[in-house]
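First residue of the sequence shown? That's 1 in full-length UniProt numbering, and the numbers climb one at a time after it.
Virtual Cβ for every residue (Gly too), placed ideally from N, Cα, C.
As the structure is a prediction and not an experimental result, all values here were calculated from the model.
In what follows, a single structure is set out as structure tokens and then discussed.
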Amino acid sequence: MSPAPLRLAILEADTPLPGIDARYHGYYGVFTHLFIRAVAPAPLSSALILSRHDVVNADPPASSHPSLSDVDALLITGSKHSAFEDTPWILALVDLVRRALAHTPRLRVIGVCFGHQIVSRALGVPVRRADAGWEVSVTETRLTLAGQALFDGRETLKIQQMHRDQALGVPPGATLLASTDKCPNHGFVIPGRVITVQGHPEFTDDIMEEILETRHSAGLFDDELFRDGMGRRGEEHDGVLMAKVFLEFLRGAS
Numbered sequence: 001m002s003p004a005p006l007r008l009a010i011l012e013a014d015t016p017l018p019g020i021d022a023r024y025h026g027y028y029g030v031f032t033h034l035f036i037r038a039v040a041p042a043p044l045s046s047a048l049i050l051s052r053h054d055v056v057n058a059d060p061p062a063s064s065h066p067s068l069s070d071v072d073a074l075l076i077t078g079s080k081h082s083a084f085e086d087t088p089w090i091l092a093l094v095d096l097v098r099r100a101l102a103h104t105p106r107l108r109v110i111g112v113c114f115g116h117q118i119v120s121r122a123l124g125v126p127v128r129r130a131d132a133g134w135e136v137s138v139t140e141t142r143l144t145l146a147g148q149a150l151f152d153g154r155e156t157l158k159i160q161q162m163h164r165d166q167a168l169g170v171p172p173g174a175t176l177l178a179s180t181d182k183c184p185n186h187g188f189v190i191p192g193r194v195i196t197v198q199g200h201p202e203f204t205d206d207i208m209e210e211i212l213e214t215r216h217s218a219g220l221f222d223d224e225l226f227r228d229g230m231g232r233r234g235e236e237h238d239g240v241l242m243a244k245v246f247l248e249f250l251r252g253a254s
């Protein structure tokens, strides 16, 4: 008998750029697209029941949060915002993660980019702007032994990146999964509770292209960073593999 699908709450911490939003209908749609590919050829409904929660625009901030008794896991998306900010919705999100991990033993948490940093903050790790600057587009990360054990024995993974903030350490009880020269903490795991990644397994080359072009036009990215990112945006990467590892984690395999 097949296990029942898991109830995964997607906590949208941002709204995509217009072209991305039109194609995917929010970051909920971007992650839906990722998980569809991860479970194929089986239907997504055989593995996951996804719910959508806008954690940025709700008033009051926590009113859009899922009831922790009604879901099996939380996934916190990336965001243009910084996880070290003290805006009400960010403080409410940090509190939600703390409550989920402190009081709901069966519930698991996935953090992606901004989400990785929010989980880090909730577990006592400082987050700040990185002196090394931006990591963008498809980037190779070095896996630790723990990371290799999760990712089929591979020593490296390539994942889309879009960040200049980073978590300054690994929480107590967590094990580092990957790093780069610019960012020592590229994700961690607490078995049975938390898995986080600094990169964006959900990003495709069209998503990366629109972000790079928009930020270059706005003057946020200089010509060199823009050309470098555009040159790597379409390289093969391991986003779907990472989503499969997320599913194994949710099913209790890690």
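I believe residue i touches residue j by the beta-carbon criterion, under 8 Å. Please report the beta-carbon distance rounded to the nearest angstrom.
i, j, result
"Phe188", "Pro171", "7 Å"
"Ala243", "Pro201", "6 Å"
"Phe226", "His216", "4 Å"
"Pro5", "Leu48", "6 Å"
"Ala100", "Ala62", "Rounded, the Cβ-Cβ distance is 13 Å, inconsistent with contact."
"Ala122", "Val94", "5 Å"
"His53", "Ile10", "7 Å"
"Val240", "Ala22", "No, Val240 and Ala22 are not in contact; Cβ-Cβ is about 23 Å, not under 8 Å."
"Gln161", "Gly199", "5 Å"
Let's see if you can read the secondary structure: which residues bound the alpha helix (DSSP H) around residue i?
i, result
"Glu210", "Asp205 to Ser217"
"Asp54", "Careful: Asp54 lies outside any alpha helix (DSSP H), inside the beta strand (DSSP E) at Leu48 to Asp54."
"Leu241", "Gly239 to Leu250"
"Phe35", "Gly26 to Val39"
"Arg99", "Pro88 to His103"
"Arg232", "Asp223 to Arg232"
Is the Cβ-Cβ distance between residue i and residue j less than 7 Å?
i, j, result
"residue 261", "Leu143", "The structure shown has nothing for residue 261, since the chain only spans 1 to 254."
"Glu135", "Lys182", "yes"
"Pro12", "Tyr24", "One point to set straight first is that residue 12 is Glu, not Pro, in the sequence displayed. No, the Cβ-Cβ distance between Glu12 and Tyr24 is not below 7 Å."
"Val125", "Ala83", "no"
"Phe114", "Ile195", "no"
"Ile76", "Ile118", "yes"
"Leu17", "Glu213", "no"
"Leu64", "Val71", "Note on residue identity: the sequence assigns Ser, not Leu, to residue 64. Not a contact, by the Cβ cut-off of 7 Å."
"Gly234", "Asp205", "yes"
"His116", "Val30", "no"
"Asp238", "Leu157", "yes"
"Gly78", "Val112", "yes"
"Leu50", "Leu8", "yes"
Per DSSP, what are the beta-bridge partners of residue i in this structure?
i, result
"Thr163", "First, the residue type needs correcting, since residue 163 is His and not Thr in the sequence shown. Beta-bridge pairing links His163 to Glu135."
"Ser179", "Arg142"
"Leu157", "Thr141"
Using 10 angstroms around the beta-carbon of residue i, count the other beta-carbons present and answer buried if the total reaches 16, otherwise exposed.
i, result
"Asn57", "exposed"
"His163", "buried"
"Ser137", "buried"
"Pro3", "exposed"
"His186", "buried"
"Ala167", "buried"
"Arg129", "exposed"
"Pro66", "buried"
"Thr87", "exposed"
"residue 333", "What is shown of the chain runs 1 to 254, which leaves residue 333 out entirely."
"Asp165", "buried"
"Leu220", "exposed"
"Ser120", "buried"
Start and end of the beta strand (DSSP E) containing residue i?
i, result
"Ala9", "Leu6 to Glu12"
"Leu129", "Here the sequence assigns Arg to residue 129, which means Leu is not the residue at that position. Run containing Arg129: Val127 to Arg129, per the beta strand (DSSP E) assignment."
"Ala73", "Ala73 to Ile76"
"Val112", "Arg108 to Val112"
"Phe188", "Phe188 to Ile190"
"Val194", "Val194 to Val197"
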